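In terms of the working numbering, the sequence shown is residues 571 to 712. Where a beta carbon is used, it is the ideal one built from N, C-alpha and C, also for glycine. This one's a predicted model, so the numbers in the text were calculated from it and none came from an experiment.
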Amino acid sequence: MRTLPCRLAVAAAFLAPFATACHSSPSEAAPIVNGASQAVRSGQEVHPTGSDAFGIALLSVEQDSRCPRAVVCVSAGTADVVVGYRFGMGPTVPVRLRWGAAPRDTTIGAVRVVFDSLTPYPAVPGPLLPQDRYTAWLSFKQ
571 MRTLPCRLAV AAAFLAPFAT ACHSSPSEAA PIVNGASQAV RSGQEVHPTG SDAFGIALLS
631 VEQDSRCPRA VVCVSAGTAD VVVGYRFGMG PTVPVRLRWG AAPRDTTIGA VRVVFDSLTP
691 YPAVPGPLLP QDRYTAWLSF KQ
C-alpha cells in the first residue's frame, strides 16, 4: 500500500507542468513592446506590456479610402481606425489613428503605438466592410 502514495506523487509531478501549461491569463502574456507589428482584430484587446494593467483594443474602422488593387490612383489613400486604451479597470479612452497620413502614431504612458496597416486591403472600390472583418496591425515601442 505504500507504493500508491508514491505513484500518485510521481504522477502529480509528471502532470503538473501540463496542468499549468493549459492555464494562462493575459497578465501572464509576454510583453509585445518590441516594435514588431501585432495583429489586433476588431474588438480584441492586447496587452503590450504583458500585463492586464494596460490594454489596447481596435474599436472601429471609421473610413477606408485606400486605393483598391484593381484601380490606378493618384495617391495611396488613407484609413482611419479608432483604438481604445485603458489602464487597469479604468474607462476605455478612444484615440484616432490614420494610415497614410498623420496621426499615424501616439504615445500612451511610456508606450508608443504605431498604426502599421489595415487588412484586408480593398480589392475594388466600395463601402466599408463589416467591422469584424478588419484587423489593424499595430506596433508598440518604448
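Close-in-space but distant-in-sequence residues of the same chain around residue i (CB under 7 Å, 5 per side omitted)
i	result
LEU629	VAL652, VAL653, GLY654 and PRO664
PRO673	LEU667
TRP669	THR648, ALA649, PHE685, SER687 and LEU688
ALA671	THR648
Extent of the continuous beta strand (DSSP E) to which residue i belongs
i	result
ILE678	675–678
ARG636	Segment: none, ARG636 is in no beta strand (DSSP E) and carries neither H nor E.
Residues bridged to residue i (per DSSP)
i	result
THR619	DSSP, once it has assigned bridges, lists no residue as partnering THR619.
ARG668	ASP650
THR662	Beta-bridge pairing links THR662 to no other residue.
VAL644	DSSP, once it has assigned bridges, lists no residue as partnering VAL644.
Rounded straight-line distance, which links the Cα of residue j to that of residue i
i	j	result
SER595	ALA693	Its pLDDT being 38, under 50, SER595 is placed unreliably by the model, and the measurement read from it follows with that caveat. Taking the straight line joining both Cα atoms gives about 37 Å.
ALA713	GLN712	This structure does not reach residue 713, given that the chain is present from 571 up to 712, and the question cannot be answered.
GLY658	ALA623	4 Å
GLU615	ALA706	12 Å
TYR691	GLY660	33 Å
Simplified DSSP assignment, three categories, for residue i
i	result
GLN712	coil
ARG703	helix
ILE626	strand
ALA693	coil
GLN614	coil
LEU563	Coverage of the chain is limited to positions 571 through 712, which leaves residue 563 absent and any answer about it impossible.
ALA606	coil
Residue i CB to nearest heavy atom of the ligand SAH below 7 Å
i	result
VAL684	No copy of the ligand SAH appears in this structure; indeed no ligand is present at all.
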